[in-house]
Amino acid sequence: MRPGAIWLDLTSGDPRMAAELATVAAARGIGYVEAPMGGGVTAARDAALSFCVAGAEAAVARVRPVLAALGANVGASEPASIRYLGEQPGAGQTAKLLANLLWFGQSIAVTEALLLGQALGLDLATLRDTLAVSAGGSQFIDRHLGYLLRGDYLEDFGIGRVVEELQTVVALAGETGTPFELSAQVLRMHREALARFGAVGGELLAAKLLEQRAATTLRIADER
1041 MRPGAIWLDL TSGDPRMAAE LATVAAARGI GYVEAPMGGG VTAARDAALS
1091 FCVAGAEAAV ARVRPVLAAL GANVGASEPA SIRYLGEQPG AGQTAKLLAN
1141 LLWFGQSIAV TEALLLGQAL GLDLATLRDT LAVSAGGSQF IDRHLGYLLR
1191 GDYLEDFGIG RVVEELQTVV ALAGETGTPF ELSAQVLRMH REALARFGAV
1241 GGELLAAKLL EQRAATTLRI ADER
């Protein structure tokens, strides 16, 4: 790349590596903007991705039209899909990792809750709808639980990649001395899913592992 160019990094990775890349780019007169994307294959196809953005404001301004074209709410003065975390290298990657950490954790917590409710005789569809509007509601329940309830374990994203991301964020917690007991358990569950199913596609394979241990599945016949 020539000096004056902007390197727009849309991958999700380690914030420590992002800081190194920003330094390498700066030494060559190249702007570096990290914008790890979220939303998956469907959002990419629909131009509805979201981005956790970090980098120098001038560099971000240059790439903002590209991000807006790929993200939701195109045409807005500040698309909701673009979240600017500041100039600190690694800030975008950190925010994306934490967002994914919460999603991975919710996938396990919601699965366990539904398995227990089902075991105690509750109607699964009614329970799902009740939880959705409760204090425990979440985007996972609203937007992603339906995949699990129709037997789709989200094979577009590999369980090995899930484990890599969780290992990174747990390591960062260790380096900073941050208490992270619950999140370490989330990592353990996904490692066990990786060991059970192998390095295959399946972002929800930890949920499948819980189903197998419960000797049942979570299914709603007409789930769409």
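Residue numbers (our numbering): 1041 to 1264.
Yeah, the Cβ is synthetic: ideal placement off N, Cα and C, and Gly gets one too.
- Taking a cut-off of 8 Å on C-beta distances, the region 1041-1059 touches the region 1135-1142, as three or more cross pairs fall below it.
- Membership of Ile1122 in the beta strand (DSSP E) is indicated by the continuous run Ile1122 to Tyr1124.
- Ala1088 and Gly1078 do not touch by the CB rule: their CB atoms are close to 10 Å apart, not below 8 Å.
- In this model, Glu1060 and Glu1195 are separated by some 31 Å (Cα to Cα).
- Of the residues Ala1112, Thr1082, Tyr1124 and Glu1152, the one whose Cα lies closest to the Cα of Gln1252 is Glu1152.
- In the DSSP assignment, Ile1148 falls within the alpha helix (DSSP H) that extends over Ala1131 to Ala1159.
- In this structure, Tyr1072 is the residue among Tyr1072, Val1226 and Leu1110 with its C-alpha nearest to the C-alpha of Ala1131.
- Residue state for Phe1220 is assigned as coil, using DSSP reduced to three classes.
- Looking at the DSSP output, Tyr1072 bridges to Trp1047.
- Pro1219 and Gly1145 have their C-alpha atoms roughly 16 Å apart.
- Scanning the region 1053-1114 for uninterrupted alpha helix (DSSP H) segments of 4 residues or longer gives 1055-1067, 1080-1085 and 1097-1110, listed from N- to C-terminal end.
- Comparing alpha carbon positions, the residue from Glu1221, Ala1213, Ile1260 and Arg1201 closest to Ala1233 is Arg1201.
- Out of Glu1215, Thr1170, Ala1083 and Gly1242, the CA that lies nearest to the CA of Val1203 is found in Gly1242.
- Each of Val1106, Ser1223 and Thr1082 was checked against the Cα of Ala1075, and the nearest Cα belongs to Val1106.
- Annotated as distal: Leu1245 and Tyr1187, with beta-carbon spacing of 8 Å or more.
- Burial state of Glu1205 is buried, judged by a 10 Å Cβ sphere holding 16 or more other Cβ atoms.
- When the five nearest sequence neighbours on each side are left out, the beta carbons in the same chain lying within less than 6 Å of the beta carbon of Ala1096 are those of Glu1127, in order along the chain.
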